[in-house]
Each structure stands twice: as structure tokens, then as C-alpha cells.
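Chemist: Residue numbers (this note's numbering): 1070 to 1232.
Glycine residues also receive a C-beta, built at the ideal position from the N, C-alpha and C atoms.
Note that the structure is predicted; figures quoted are calculated from it, not measured.
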């Protein structure tokens, strides 16, 4: 579902008590050009399949990067299967690089972010990486200035903060 001019939301009701109301993955950019995927969901095949089905619905745009908010399994568990399909570089906090390299056959695909780095994609938009330790030491929030949207990962969970 498109929720702003450049943000597309894929919601899954995973039934987890830690995720009341379900979980979300986001595609950012222009589906007729290029996009960024934020997080790869849990290791459960149903979750990965939901992300890939939504990717198909968007027309299989070129994914310029898969950005990770933090290293917990419900954000990185589908990385190997997602990477196999999208073949995009994986961008993450420097403290998370080695862990993610172990999940992929292509360890060169994992590239450390720099604090405040801007990752540009289709539609001339970009995400600004903001290192936000608290929920986890490798936590990154991403700010989309063009639409005034902050992707907080698990820094904010529903109605509560974890930091």
C-alpha cells in the first residue's frame, strides 16, 4: 500500500506478542525506476514470501539497496532469500557487517554505512542513515526528507519506546 509519494508499506500480521498488530516492511523510491527495501523480515518463509509477493506487485523494480535497521532476526532473517532475488547491496551499521556477511554467500554485498550517509534511489529521493543505539548497539534509523518520514526500526514499538 502506498502511504506517501515515495513510501510503500507491506504489512504482515505475524501474530507475535512482541509485535502487537503485526509488522511492516517498507519499499522507498519510485517503483517505475528504483527502490530501497528496509529490513528483510523474519526467517519464516511466509514473511519472506509476503515481501517478495509485494515486490512482484510493485513490478519488480531495481532495488538499489537493502538497508537494515538492526541485527535482530525479525529484521534480518529473510536476508539470504531476499538477496538471492534482489541482488542488491546490503547496507548496515558497521558493527553489524560481520554478522550479516555470515548470512550470505556473497560477503562483498554487505557494506557498512557511515553516520548521516544518504542512500539515493529512484525518484530522486534518499534515506539519511542516523545511528541510534538504544534498542541495540547497531541500530540505525532512516530519514526520508522528501516525505518527512522517519523509519525507526524497533526504537519505537507501537505505542512504546525501547530505548
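Would you check if the segment 1121-1134 and the segment 1201-1216 touch, i.e. whether three or more CB-CB distances between them fall below 8 Å?
Modeler: They do not touch, by the three-pair rule.
Chemist: So what does DSSP say about residue 1072, is it helix, strand or coil?
Modeler: Reduced to three states, the DSSP call for residue 1072 is strand.
Chemist: Need the endpoints of the alpha helix (DSSP H) that residue 1115 sits in, please.
Modeler: Start and end: 1114-1126.
Chemist: Only counting runs of 3 or more residues, tell me where the beta strand (DSSP E) segments fall wholly within the segment 1137-1162, in order along the chain.
Modeler: You should have 1159-1161.
Chemist: Between which two residues does the alpha helix (DSSP H) harbouring residue 1165 extend?
Modeler: Looking at the DSSP string, residue 1165 is not in any alpha helix (DSSP H), and its letter there is neither H nor E.
Chemist: Label residue 1101 either buried or exposed according to how many other C-beta atoms from any shown protein chain fall within 10 Å of its C-beta, with 16 as the threshold for buried.
Modeler: Exposed, since its Cβ has fewer than 16 Cβ neighbours within 10 Å.
Chemist: Alpha carbon to alpha carbon, how far is residue 1106 from residue 1134?
Modeler: About 7 Å.
Chemist: For residue 1121, I'd like the list of residues in its chain whose CB is within less than 7 Å of its CB, leaving aside the five on either flank, ordered along the chain.
Modeler: Result list for residue 1121: 1154, in chain order.
Chemist: Thinking just about the alpha-carbon of each residue, which of 1183, 1159 and 1163 is nearest to the one in residue 1177?
Modeler: Looking at the Cα atoms, 1159 is the closest of the given residues.
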